[in-house]
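*Asks:* In the numbering used here, the protein residues as written are 942 to 1881.
Sharing a structure, written as structure tokens. Questions coming.
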């Protein structure tokens, strides 16, 4: 790998360049360890009139108990191009520069006293620097300066040689208290250029440039990588470079969140950090190690107590650690590490016995606080090997988190506690039940599901406990993991095991009442609902009755039954018991989801607002519901044509860390991204996303799977692959047929088109008949709009153009009323195909305008081509000159070309000729100052 570039230091480089052009200059460069002082001065140039072979004279101060006198000057001069005919006083340097003896004058007679000898030596250094001028003398790490070099600088600075630029670098935090380097500048003679540079941490953009330079040709970087790396390194250049080198060498991600025990610290970075720690005094090291064990910023009193130091010793140690910038003070006054890497190095440097003793002490001291932080005490007890205390504190912390509504934290604590060795069966089952309950309303992980499965299979559990655990597992599989068939099996078994616990049995039964991807008919869901209602009444539990009522509304809404909207949900300001509020919140989101699927967008807007208000007025926001509400909102905005900024919002949602455990939500977001990609001219990206949405987890949500397969069918039909389109859609139509929920088929129009294209007219007629019968009487505006659309396609196929045009107009009016402007525009285009003569071109032109307003370039290109084939020119609306900037069409083609698409592929995607694409690519390359498509790809 090449040497990393110097980023984020343009201003400093410019100022150094100015300094070297002056008659005399002194530049002071300060910055903490790793900020790039050495790198900056090593790139330093020399005065323009310096000898051709000359470079900066570089010398470094070294941390040694007894540093060598004048060490940095000797190091700088040893390899310098010393000229002939030096001032005789330079012969004084013979003892210090024996390797240069042949270039130096003969040694003069030694003075009698030490003071005179020293003065002559100072003069010799000044004369040899004068002879080397114009030159740049760099002395690095002045915080370690030896007394003799310090005295020499005191001599040189007030009377510097002409054409000498003196550059001193240092760490302010490690300067001796009696040596303010900046005070040197006050002693400069008039006319001397002076500058003081403080190197700040790099910005996130700087770190991004560094990543691109060091890894750009190695592997694609994940979204947010540079930001995460900046967070972990706090912009320290050395840390960032070493971590990037570590990534390149090992293939691991150095920007991932880590704990202090992580061993992935690169050796060079680890050693640099430990070298700073090693120079601390005993009490300062004790404070730093205590801060590393505590892990979070702490008060001085807590650090003192855990470190077991006297207040005086603790204050001295803390003062040194803060002065050296090993620790820093946060705005709230707490004391911690300036970046996670220093914490990690300090923690890993502790011997195991010392580390455990500090953890044990931390747990004990924290336990004396008025409101003990049980979560921290659990973590310290675990690391100290105190297993009983670990379990006790973890359970107390989880109970407290549940009481405040922070179920995600509770689940994490309980999952961790269940990994404890030699946990009693009673404690294991108790903690597991609490884990399952917390995970249902927090965000579960694959580890939680695996752990619950293991415990369910263990011997010794009562039927009631096993049934409760199985219920929790089934609900996690159903609502978060998207594993419908497995969830159904677990829930059905739970119902039998919970025969003596009617409240929990009712919850399992009501979950089975909600139709998913399993093949049983809708009547089976109604039977589960009747059983759940009876069990809830028998239990007398108002929360369970609320849960069953919510699932009744969900079932009815999925069927397009208007009675779904009769379920009363509370005002967000109403005082509600937390569990009941969560049931109502879940119900509001379910109804919002169903309303989007049904095309009842005003209701969807209402229930989304209610969901957000109910979820955010709790003590701790209902994260699981809020994540789901975001994806539902994206679907709603897609349908209603509110596309401004929608792609960016969807991409942002797709990067959410919560999505790893929520494949159903991820599927909804990817559906929006795919629909936008297709409409905006990238069917290849759309197809890739849609095939992912059609996976096993996404198949759990039939309406989402149906919408995805419908869009994928459009792409395949556009390529003439009717067989492939039907092959993808047929299974979901079979499922819809077996369940009898035809409102789910509203977006499967391409299935009908595929049958007609394949000549399967009888099958097409049968499908239309079943769909019409299935949606008759349903409160489903999307299905009501789709029905005339389906009928129009059959009429068009039979050559009944007038009837088809009238039906397309009916569908267009219905879509416009929803409103669903994209589908309304597509109905305009379809109607135009069926009209004769000028009527056809007028309607196609109207459809083109609608597409352009939406930004649907793929469809607009198709419309333009149809109009051109009919002899109608189609200038771009608002067409203008773009000068040196890329036009929207050029931007679109550049994006596709940079992604590796060929001209022919781009032409097919955008309904253009390859020659037109070639012209656009050439124009774009010229505007961007690039020579080839390869450069275009590299600059993506």
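Where a beta carbon is used, it is the ideal one built from N, C-alpha and C, also for glycine.
Since we're looking at a predicted model, the values are computed, not measured.
Using a threshold of 9 angstroms, state whether the C-beta atoms of residue 1609 and residue 1653 are closer than that.
*Replies:* The answer is no: Cβ separation not under 9 angstroms.
*Asks:* Rounded to whole angstroms, what's the CA-CA distance from residue 1715 to residue 1350? Just pull it up for me.
*Replies:* Rounded to the nearest angstrom, the two C-alpha atoms are 45 angstroms apart.
*Asks:* Quick one: Cα of residue 1236 to Cα of residue 1282, how far?
*Replies:* Using only the alpha carbons, I get a separation of about 12 angstroms.
*Asks:* Report the partner residues of residue 1106 according to the DSSP bridge assignment.
*Replies:* Answer by DSSP bridge pairing, in chain order: 966, 1077.
*Asks:* Locate the alpha helix (DSSP H) running through residue 1305, then write down its first and last residues.
*Replies:* That run of the alpha helix (DSSP H) goes 1293–1307.
*Asks:* For residue 1012, count neighbouring C-beta atoms within 10 Å of its own C-beta (all shown protein chains included) and say buried if the count is 16 or more, exposed if not.
*Replies:* Flag for residue 1012 reads buried.
*Asks:* Mind checking residue 1895: buried by the 16 CB within 10 Å criterion, or exposed?
*Replies:* As shown, the chain starts at 942 and ends at 1881. That puts residue 1895 outside it, with no answer to give.
*Asks:* If you follow the beta strand (DSSP E) that residue 1528 is part of, which residue opens it and which one closes it?
*Replies:* No beta strand (DSSP E) contains residue 1528, which is instead part of the alpha helix (DSSP H) from 1519–1539.
*Asks:* On a Cα-Cα basis, can you pick out the residue from 1458, 1465, 1460 that is closest to residue 1450?
*Replies:* For the residues 1458, 1465, 1460, the minimum Cα distance to residue 1450 belongs to 1465.
*Asks:* Please report the distance separating the alpha-carbon of residue 1651 from that of residue 1688.
*Replies:* Distance between the alpha carbons of residue 1651 and residue 1688: 6 angstroms.
*Asks:* Just how far apart, CA to CA, sit residue 1230 and residue 1399?
*Replies:* If you take the alpha carbons of residue 1230 and residue 1399, they lie about 42 angstroms apart.
*Asks:* Give the DSSP bridge partners of residue 1589, in chain order.
*Replies:* Residue 1589 pairs with nothing; no bridge assigned.
*Asks:* Hey, which unbroken runs of the beta strand (DSSP E) at 3 residues or more fall wholly within the region 1645–1679?
*Replies:* Those beta strand (DSSP E) runs which fall completely within the region 1645–1679 and span 3+ residues do not exist here.
*Asks:* Alpha carbon to alpha carbon, how far is residue 1753 from residue 1476?
*Replies:* For residue 1753 and residue 1476, the distance between alpha carbons rounds to 47 angstroms.
*Asks:* With DSSP as the reference, label residue 1011 as helix, strand or coil.
*Replies:* Three-state DSSP puts residue 1011 in coil, outside helix and strand.
*Asks:* Quick one: what's got a C-beta closer than 6 angstroms to residue 1571's C-beta in the same chain, skipping five residues either side?
*Replies:* Once the five neighbours on either side are set aside, the close Cβ partners of residue 1571 are 1594.
*Asks:* Using the C-alpha atoms, what's the distance from residue 1588 back to residue 1614?
*Replies:* About 6 angstroms.
*Asks:* What number of angstroms, rounded off, separates the C-alpha of residue 1839 from the C-alpha of residue 1800?
*Replies:* So the alpha carbons of these two residues sit roughly 22 angstroms apart.
*Asks:* For my contact list, residue 1082 and residue 1111 are in at a C-beta cut-off of 8 angstroms; report their separation, rounded to the angstrom.
*Replies:* Their Cβ separation, rounded to whole angstroms, is 7 angstroms, which keeps residue 1082 and residue 1111 in contact under 8 angstroms.
*Asks:* Taking just the CA atoms, how far does residue 1271 sit from residue 1118?
*Replies:* In a straight line, the C-alpha of residue 1118 is about 24 angstroms away from that of residue 1271.
*Asks:* Just to confirm before moving on: does the CB-CB distance between residue 1606 and residue 1569 stay below 9 angstroms?
*Replies:* A contact, by the Cβ cut-off of 9 angstroms.
*Asks:* Which same chain residues, not among the five before or five after residue 1665, have their C-beta less than 7 angstroms away from its C-beta?
*Replies:* Within the same chain, residue 1665 has close Cβ partners 1657.
*Asks:* Look at the alpha carbon of residue 1347 and the alpha carbon of residue 1245, and state the distance between them as a whole number of angstroms.
*Replies:* In a straight line, the C-alpha of residue 1347 is about 32 angstroms away from that of residue 1245.
*Asks:* Mind the definition here: the region 997–1011 touches the region 1070–1079 only if three or more C-beta pairs lie below 8 angstroms; say whether that holds.
*Replies:* Yes, the region 997–1011 touches the region 1070–1079.
*Asks:* For residue 976, which three-state DSSP category applies?
*Replies:* The answer is coil: DSSP assigns residue 976 none of H, G, I, E or B.
*Asks:* Could you spell out the range, first to last residue, of the beta strand (DSSP E) harbouring residue 1001?
*Replies:* Residues 998–1001.
*Asks:* Between the region 1704–1719 and the region 1741–1761, do at least 3 Cβ pairs fall closer than 8 angstroms?
*Replies:* Too few Cβ pairs lie closer than 8 angstroms, so no.
*Asks:* If the criterion is Cβ atoms closer than 9 angstroms, does the pair residue 1445 and residue 1431 meet it?
*Replies:* It is not a contact, given that the beta carbons lie outside the stated cut-off.
*Asks:* Hey, residue 1354 and residue 1336: beta-carbon distance below 9 angstroms or not?
*Replies:* Yes, the Cβ-Cβ distance between residue 1354 and residue 1336 is below 9 angstroms.
*Asks:* Whole alpha helix (DSSP H) runs in the region 1437–1488 with 4 or more residues, listed along the chain?
*Replies:* List check, alpha helix (DSSP H) in window: 1443–1453, 1463–1480.
*Asks:* Return the chain-ordered list of same chain residues with a C-beta closer than 6 angstroms to the C-beta of residue 1418, the five sequence neighbours on each side being excluded.
*Replies:* Only 1424, 1427, 1428 meet the Cβ criterion.
*Asks:* Among the residues of its own chain, which have a CB less than 7 angstroms from the CB of residue 1642, if the five just before and after it don't count?
*Replies:* Counting only Cβ-Cβ distances below 7 angstroms, and skipping sequence neighbours, we find 1605, 1608.
*Asks:* Given this structure, state the Cα-to-Cα distance separating residue 1200 from residue 1375, to the nearest angstrom.
*Replies:* Here residue 1200 scores only 41 on pLDDT, less than 50, and its place in the model should not be relied on; the value that follows carries that caveat. Near 26 angstroms, if we compare the C-alpha coordinates of residue 1375 and residue 1200.
*Asks:* Going straight from the alpha carbon of residue 1257 to that of residue 1297, what length do you get?
*Replies:* Their backbone Cα atoms lie some 25 angstroms apart in a straight line.
*Asks:* Do residue 1538 and residue 1685 have their beta-carbon atoms positioned less than 9 angstroms apart in this structure?
*Replies:* It is a contact, given that the beta carbons lie within the stated cut-off.
*Asks:* Assign residue 1808 to buried or exposed, taking buried as 16 or more other Cβ atoms, counted over all protein chains shown, within 10 Å of its Cβ.
*Replies:* Residue 1808 is buried by the Cβ-count criterion.
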